[in-house]
């Protein structure tokens, strides 16, 4: 039932994203939706690695967009539409009430310890993640890290602080 609640939250943030008109509000809504999608994908997968990497990539992109938006529209104020806020709040509240009615364990704040212990026993860490860092592929991993570091240094040395898409600072 937690998946249903998270899916309703994703849909309501999608509706809220369509109703916003300020770039910072859109970015905040997109960041919240990215967090929810990462949480859903982490709950569906055996480990949270993919969702963690997905969240970090989206967060990096959002930080770049945040820099551009704040440099272009730094003095614009945005206000929250009451209609959009009431729509999203009613959707979230309805999904939360349905989740509490259908899953009484969430309302008590307790976890079924037998289910938790069984899932920990059967869901041992997958060996696929260990194969990524074993001795045969460690050289490839180290070369990849060195390549990414050299690419970072090249991009930083090519970039000029006084020229670029951002407005100059005084």
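Numbering (this note's numbering), first residue to last: 2 to 171. Each residue gets a CB set at the ideal place from its N, CA and C atoms; glycine is no exception.
Asked: Minimum C-alpha distance to residue 56 - residue among 33, 68, 47 and 46; Found: 33
Asked: CB contact flag (residue 23, residue 79, <7 Å); Found: yes
Asked: Nearest residue (CA-CA) to residue 11, options 83, 40 and 144; Found: 40
Asked: Of the listed residues 92, 25, 4 and 89, nearest to residue 74 (C-alpha basis); Found: 25
Asked: Through-space distance from residue 156 to residue 96, alpha-carbon basis; Found: 46 Å
Asked: Below-7 Å beta-carbon distance, residue 11 vs any chain C residue; Found: Absent from the structure is chain C; it holds one protein chain and no more.
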